[in-house]
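Enquirer:
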Amino acid sequence: MYYLCTILCIVYCMSIHEYISFHRSRFMDEWASLLRIPSVSCQPEHHEDMIHCAERWRELLLASGADSAEIMPSKGNPFVYAEYKARDVAQKTVLVYAHYDVMPAEPLEQWRSDPWEPTICDRRLYARGADDDKGQAMIQAKAFEYMVQEIWSKEGGHVNVKFIFEGEEEIGSPSLEAFIEEHKELLRCDVILVSDTSMIGKETPSITTGLRGLAYWQIEVDGPNRDLHSGHFGGAVKNPVNALCEMIAQVVDDKGRITIPHFYDDVLPIPDAERHMIAQIPFDEAQYRASIGVDATFGEEGYSTLERNSCRPSFDVCGIWGGYTGEGSKTVLPSKAFAKVSCRLVANQDHERISQAFADYMQHIAPKGVRVKVTPMHGGQGYVCPIDLPEYQAAEHGFEVAFGKRPLAARRGGSIPIIADFERVLGVKTILMGFGLEQNAIHSPNESMDLDVWEKGIIAVTEFYKSL
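Heads up: take any position in the sequence shown, counting from 1, add 12, and you land on the numbering used here.
Next up, the structure:
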């Protein structure tokens with residue numbers, strides 16, 4: 013009788029392909045319900061939207077099969093915590109991390125459709141958050157749903173699953189470190205699973221094995237006590253906007269090296285073996301330039317483009333303003349100038365030490381006639397994942413089943429500062445099963461998600477669970 017029941021159970025378990033096909037319409041409706049919520053964490057006017065989005069995620073995780081789910085307060089936006097307990101002795105506990113906040117949609121005029129109304133065109137879904145991170149978080153939720161409904165509920169569950177979704181990732185996760193410190197027993201696990209990164213390409217699946225760290229500042233340059241007439245004072249008083257531009261121009265030299273004293277002290281060289289691996293990644297420099305509309309690339313001398321944007325640090329101005337920028341002309345010498353700037357850091361660089369070094373450097377190179385204030389905004393450490401972890405190999409298997417080829421291991425240039433916090437507090441590694449593509453345009457107008465990749469992502473994560 014036992015064997016007969018087992019056979020019948022296997023017969024009536026849908027395959028993941030059948031499950032996606034049968035539930036595709038519902039999946040899309042649930043995904044769209046999240047995308048319609050403008051959960052922009054950096055804009056206070058969206059505070060109620062943040063709460064609404066957290067509540068919607070709680071409902072969806074419960075519907076997907078979680079035993080319990082709750083909204084947990086923090087100093088900032090609330091967390092969503094859910095868990096599923098294996099029906100028999102569990103061998104592993106997986107903690108799934110994601111974020112429900114998104115970047116602002118502006119500039120709205122550059123969107124081809126309403127950023128808050130999901131639109132499908134040519135097998136792509138367009139909306140703010142379609143990829144980062146509501147689309148990728150839905151991959152995790154739907155893979156979990158399939159495992160609960162079709163595998164664990166019928167054959168027995170051998171994996172505990174916990175979810176922690178935050179609403180402040182796009183502003184540097186200011187509440188997360190304290191939250192995981194306070195709730196580290198609740199969050200205890202064997203491995204953390206994150207889908208918030210990208211692949212090399214649709215036909216070239218990859219698993220992210222490293223992330224760059226981040227340091228971010230706002231610079232304020234003060235000059236005269238009021239805006240001045242540029243005819244009466246120009247040439248006699250230091251212009252704060254000019255001064256700010258001069259200072260920023262000194263941070264990177266003509267060889268692409270950052271000039272902050274001791275900046276490179278802790279930067280480890282790229283191992284020859286890894287440089288060889290990076291060189292095997294399919295990459296068309298001309299196509300890369302064409303895709304972003306530039307006629308040349310720039311970066312640190314002696315490194316390839318792929319090495320520069322993943323394994324080497326960088327400095328960028330993210331925004332700069334001051335003086336009159338309205339329609340027409342106004343001959344004014346501004347009293348203030350501002351900039352937001354950031355450094356992408358690499359593993360082994362300490363973001364707090366770099367932050368202080370940059371602030372000191374700005375004071376050192378500030379010209380006479382202006383006063384400079386540097387305000388650190390947020391930052392985080394870099395991360396590297398060993399590829400010999402059993403959980404990494406389970407993820408590798410999942411990609412191979414879903415995409416039909418073994419994924420490449422690749423560092424990526426973005427930052428998820430909390431990954432290092434997780435490792436420091438919980439003592440476990442994170443597997444970065446990301447399914448984004450460069451053309452998804454995260455943080456930009458017309459953000460989208462490739463629907464074929466999205467469905468393959470669900471398959472890959474289900475295979476990850478099966479391998480555990």
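Beta carbons: idealized from backbone N, C-alpha and C, even for Gly.
1. Relative to the C-alpha of TYR93, which candidate in GLN103, LYS104, TYR112, ARG99 has its C-alpha closest?
2. Need the endpoints of the beta strand (DSSP E) that ASN458 sits in, please.
3. Could I get the ranges of all uninterrupted alpha helix (DSSP H) runs contained in the stretch 340 to 378, with 4 residues as the minimum, in chain order?
4. List the DSSP bridge partners of GLY213.
5. In chain order, what residues of the same chain lie with their CB nearer than 6 Å to the CB of LEU74, ignoring the 5 residues before and after it?
6. Under a three-way DSSP split, which group does LYS380 fall into?
7. Does the pairing of the stretch 358 to 368 with the stretch 274 to 290 give three or more beta-carbon distances under 8 Å?
8. List in chain order: all unbroken beta strand (DSSP E) runs of 3+ residues lying wholly within the stretch 237 to 285.
9. What first and last residue would you give for the alpha helix (DSSP H) that runs through SER76?
10. Write down the C-beta distance between ILE49 and HIS64 rounded to the nearest angstrom, noting that I regard them as a contact closer than 8 Å.
11. Taking only runs that begin and end inside the stretch 394 to 450, name each unbroken alpha helix (DSSP H) of 4 or more residues, in chain order.
12. Could you give the distance in angstroms between the alpha-carbon of ILE204 and the alpha-carbon of ALA472?
13. Buried or exposed: which applies to CYS133, given that a residue is buried once 16 or more other Cβ atoms fall within 10 Å of its Cβ?
14. Pick out whichever of ARG324, ALA44, ILE428, ALA378 has its Cα sitting closest to the Cα of TYR138.
15. Is DSSP giving ALA81 helix, strand or coil here?
16. Output yes or no for whether 9 Å exceeds the beta carbon distance between ALA422 and GLU475.
17. Closer than 7 Å by C-beta to ASN321: which residues in its own chain qualify, once you throw out the five before and the five after it? Chain order, please.
18. If you drop the 5 nearest sequence neighbours on each side, which residues of the same chain put their C-beta closer than 8 Å to that of PRO186?
19. Grouping DSSP H, G and I as helix and E and B as strand, with all else coil, what is TYR315?
20. Taking the C-alpha atoms as reference points, what is the distance between TYR14 and MET115?
21. Would you call the stretch 242 to 252 and the stretch 453 to 472 touching, i.e. three or more CB-CB distances under 8 Å?
22. Three-state secondary structure (DSSP) at TYR336?
23. In three-state terms, what does DSSP make of VAL23?
24. Buried or exposed for THR105, going by 16 or more other Cβ atoms inside 10 Å?
25. Could you work out which residue in PHE411, TYR395, ILE399, PRO402 is closest to PHE434 when comparing CA atoms only?
26. So for ASP100, helix, strand or coil by DSSP?
27. For the candidate residues ARG324, VAL52, ILE83, whose alpha-carbon lies nearest to that of ILE176?
28. Quick check: what's the CA-CA separation for TYR373 versus ALA117?
29. On the criterion of 16 or more Cβ atoms from any shown chain inside 10 Å, does ILE454 qualify as buried, or is it exposed?
30. Label ASN452 either buried or exposed according to how many other C-beta atoms from any shown protein chain fall within 10 Å of its C-beta, with 16 as the threshold for buried.
31. What did DSSP end up calling THR474 once you bin it into helix, strand or coil?
32. PRO419 and SER218 look like a contact to me (Cβ under 8 Å); what is the Cβ gap, rounded to whole Å?
33. Please go through the same chain and pick out, in chain order, the residues whose beta-carbon is closer than 8 Å to the beta-carbon of ARG135, but skip the five residues on each side of it.
34. Tell me which residues share the same chain as SER367 and place their Cβ nearer than 8 Å to its Cβ, disregarding the 5 neighbours each side in the sequence.
Expert: Put simply:
1. For the residues GLN103, LYS104, TYR112, ARG99, the minimum Cα distance to TYR93 belongs to TYR112.
2. Careful: ASN458 lies outside any beta strand (DSSP E) and carries neither H nor E.
3. Those alpha helix (DSSP H) runs which fall completely within the stretch 340 to 378 and span 4+ residues are 363 to 377.
4. Checking the DSSP bridge columns, you'll see GLY213 partnered with THR216.
5. Result list for LEU74: ALA81, in chain order.
6. For LYS380, the three-state secondary structure derived from DSSP is coil.
7. A contact exists between the stretch 358 to 368 and the stretch 274 to 290.
8. The stretch 237 to 285 contains no whole beta strand (DSSP E) run of 3 or more residues.
9. For SER76, the enclosing alpha helix (DSSP H) covers residues 59 to 76.
10. Yes, ILE49 and HIS64 are in contact; Cβ-Cβ is about 5 Å, under 8 Å.
11. The stretch 394 to 450 contains these whole alpha helix (DSSP H) runs: 402 to 415, 430 to 438.
12. For ILE204 and ALA472, the distance between alpha carbons rounds to 16 Å.
13. With fewer than 16 other Cβ atoms from the protein chains shown falling within 10 Å of its own Cβ, CYS133 counts as exposed.
14. Nearest C-alpha to TYR138: ALA44.
15. Assignment of ALA81 by DSSP, reduced to helix, strand and coil, places it in the strand class.
16. Against a cut-off of 9 Å, the Cβ pair of GLU475 and ALA422 comes out as no contact.
17. Within the same chain, Cβ atoms closer than 7 Å to the Cβ of ASN321 are found at GLY425, the five residues on either side in sequence being excluded.
18. The residues LYS87, GLY88, GLU180, HIS390, in chain order, have a CB closer than 8 Å to that of PRO186 in the same chain once the five nearest residues on each side in sequence are set aside.
19. DSSP places TYR315 in coil when its eight states are reduced to three.
20. Any answer about TYR14 is weak, because its pLDDT of 45 lies below 50 and its placement is not dependable; what the coordinates show is given next. Each residue's alpha carbon lies about 53 Å from the other.
21. In this structure the stretch 242 to 252 does not lie against the stretch 453 to 472, because fewer than three pairs of beta carbons, one per stretch, are closer than 8 Å.
22. Coil at TYR336, not helix or strand.
23. Confidence is the limiting factor: at VAL23 the pLDDT is only 49, short of 50, which leaves the residue's position unreliable and the question unanswerable from this model.
24. Classification of THR105: buried, given that the 10 Å Cβ count is 16 or more.
25. Checking every option, the nearest Cα to that of PHE434 belongs to TYR395.
26. Three-state DSSP puts ASP100 in coil, outside helix and strand.
27. By alpha-carbon distance to ILE176, the top candidate from ARG324, VAL52, ILE83 is ILE83.
28. Here the alpha carbons of ALA117 and TYR373 stand approximately 34 Å from one another.
29. So ILE454 counts as buried.
30. ASN452 comes out buried.
31. In this structure, THR474 counts as helix in the three-state DSSP scheme.
32. Correct: roughly 5 Å between the Cβ atoms.
33. Within the same chain, and ignoring the five residues on either side of ARG135 in sequence, the residues whose Cβ sits closer than 8 Å to its Cβ are ASP462, LEU463, ASP464.
34. Contacts found: ALA227, TRP229, PRO388, GLY391.
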